[in-house]
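Each residue of the sequence shown is one higher than the one before, counting from 3 in our numbering. Scroll down for the structure; my scribbles are underneath it.
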Amino acid sequence: VLESDPFKLVEGMIIAAYAMGASYGYIYCRAEYPLAIARLQKTIKQCKEYGLLGKNILNSGFNFELKIKKGAGAFVCGEETALIASIEGKRGMPKPRPPYPSISGLWGKPTVINNVETFANVSAIINRGAKWFSSIGTETSKGTKVFALSGKIENSGLVEVPMGITLGEVVFNIGGGIPDGKKFKAVQIGGPSGGCLPKSVMDTPVDYESLKTVGAMMGSGGFVVMDEDTCMVDVAKYFLTFIQNESCGKCVPCREGTKRMLEIIERLTRNYSKEGDGKDDLLRFKGVLHLERLGNVIRDTSLCGLGQSAPNPVMSGLRYFRTEYEEHIYDRNCPAGVCKELLTYKIDPELCNGCGLCAMKSGVNAILGEKKHAHYIVEDKCIKCGMCYEACRKNAISVN
């Protein structure tokens, strides 16, 4: 919207400001989006030239100034009180509520905060009426929603869909399904702290209540599709790493809780038996039990929405893909072959002709053997780089 039709946003903010009597408005945009910022600046300039912004707009006696605030890209600044702090020049950290921003917000003044989609809908609703807008969507979730469709999908990009459409329709009808004949595995919806949902819930309507029921959320509109080659434990680790890095650190549950969750997940993706530190299957299983308890504590006691939703990738993974987690725990096996440290490379002595190509490619001397005799891999030295597998011309090396 900001890059293709910024006038929608500006018009919506002017109407909202007039309705509530506001004199100042801010558009908070990450500095990483220079095109959006440039077009917004041009839009604001044109609106001022035509008397649609500034003093005495259209001789109505209504004054409204609109400014752009460039953000540093902190994910936590999507939380309204952290966003306010950032505009005020402070560190972007959430505050306890009440008081709510509508009572005491920016510089202590009553402040209304909405996202771009909400303001962009205002002018259309004014022109066509609330009845028209209410005719789209479900009983409790009206209108449309824009998703960023990405991942292992034929048709990626931004898609606008009516509320109430099913997840399956978005993936298979609009997205075109999974490329290369692969099988669908999961979709992660709601941004980095959204839940991962399997094929069994693809009939779920896309609305706020239904998504919450299955362990996901609307969030920022992320819609990441995954195929059979995706490891759900690795996905949880990826999003937890992001969330942990983006935590502002103000409250203990989010700051320390996400750190501990990440440590447990990382343990599942590493072969501790090789390191000889005495970590057995029982301890790994206890780690998963702690994950569920820890996730509930973080969700219930964190200060803001970032911390409250942080456990979602892990909790939804345990709910729908527990078998995959258990394979990582008990068998030290990654079914998708993604967790490198759990892979095992072996040389078949019947197929190996002792050419030595694999040994030459190994930069850590993990492959031993005499020339023209079968070689073998020293497991304790192997770093799972896969160079030997690529070098072997006899297909003598297998990966388990």
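From the three backbone atoms N, C-alpha and C, an ideal C-beta is built for every residue, glycine too.
- Following the DSSP letters along the chain, one finds Ile267 in no beta strand (DSSP E) but inside the alpha helix (DSSP H) bounded by residues 254 to 270.
- Annotated as distal: Cys354 and Ala84, with beta-carbon spacing of 9 Å or more.
- Taking C-beta atoms as the reference points, Gln190 and Gly224 count as a pair closer than 9 Å.
- The Cβ neighbour count for Thr215, taken over all protein chains shown within 10 Å, is under 16; the residue is labelled exposed.
- Secondary structure within the stretch 160 to 224: the beta strand (DSSP E) runs of 3 or more consecutive residues, fully enclosed, are 186 to 191, 197 to 199 (chain order).
- Distance from the Cα of Ala188 is smallest, within the candidate group Gly94, Val173, Leu37, Ser195, for Val173.
- With 16 or more other Cβ atoms inside 10 Å of its own Cβ, Pro103 counts as buried.
- Here DSSP, grouped into helix, strand and coil, assigns Ala150 to strand.
- In the DSSP assignment, Arg32 falls within the unbroken beta strand (DSSP E) covering 26 to 32.
- Annotation for Lys348: no alpha helix (DSSP H) segment contains it, though the beta strand (DSSP E) segment containing it runs 347 to 349.
- The criterion of a C-beta distance shorter than 9 Å is not satisfied by Asp182 and Ala338.
- Listed in chain order, the non-local C-beta contacts of Lys201 below 6 Å within the same chain comprise Phe186, local neighbours out to five positions each way being set aside.
- Rounded to whole angstroms, the gap between the alpha carbons of Gln43 and Gly56 is 14 Å.
- Sorting Val203, Ser311, Lys348, Ile331 by C-alpha distance to the C-alpha of Gly80 places Ser311 at the top.
- Relative to Leu68, the option among Phe77, Pro36, Ile17 whose CA is nearest is Ile17.
- About 6 Å separates the beta carbon of Glu230 from that of Lys184, a gap short enough to meet the 8 Å contact definition.
- DSSP places Leu54 in the coil class of the three-state scheme, outside both helix and strand.
- Around the beta carbon of Val299, fewer than 16 other beta carbons sit within 10 angstroms, so the residue counts as exposed.
- Within the same chain, Cβ atoms closer than 6 Å to the Cβ of Gly178 are found at Glu156, Asn157, the five residues on either side in sequence being excluded.
- Under the 10 Å beta carbon count, Asp209 is surrounded by 16 or more other beta carbons and is classified as buried.
- Residue range 324 to 332 is occupied by the alpha helix (DSSP H) that includes Glu326.
- Secondary structure note for Ser136: its alpha helix (DSSP H) is the uninterrupted segment 132 to 136.
- With a beta-carbon spacing of about 5 Å, Ala218 and Gly192 fall inside the 8 Å limit used to define contacts.
- Within 10 angstroms of the beta-carbon of Asn314 lie 16 or more other beta-carbons, which makes it buried.
- Here the alpha carbon of Gly221 sits roughly 24 Å from the alpha carbon of Ala132.
- Rounded to the nearest whole angstrom, the CA to CA distance from Leu108 to Lys92 is 12 Å.
- Secondary structure note for Ser304: it is in no beta strand (DSSP E), with a DSSP letter that is neither H nor E.
- In this structure, DSSP gives Lys47 a helical state, which the three-state scheme calls helix.
- Apart from the 5 residues on each side of it in sequence, Phe135 sits with its Cβ closer than 8 Å to the Cβ of Asn123, Ala126, Ile127, Lys144, Gly145 in its chain, given in chain order.
- Within a 10 Å sphere around the beta-carbon of Arg99 sit fewer than 16 other beta-carbons, which makes this residue exposed.
- Within the stretch 67 to 111, the beta strand (DSSP E) runs of at least 3 residues that lie entirely inside it are, in chain order, 67 to 73.
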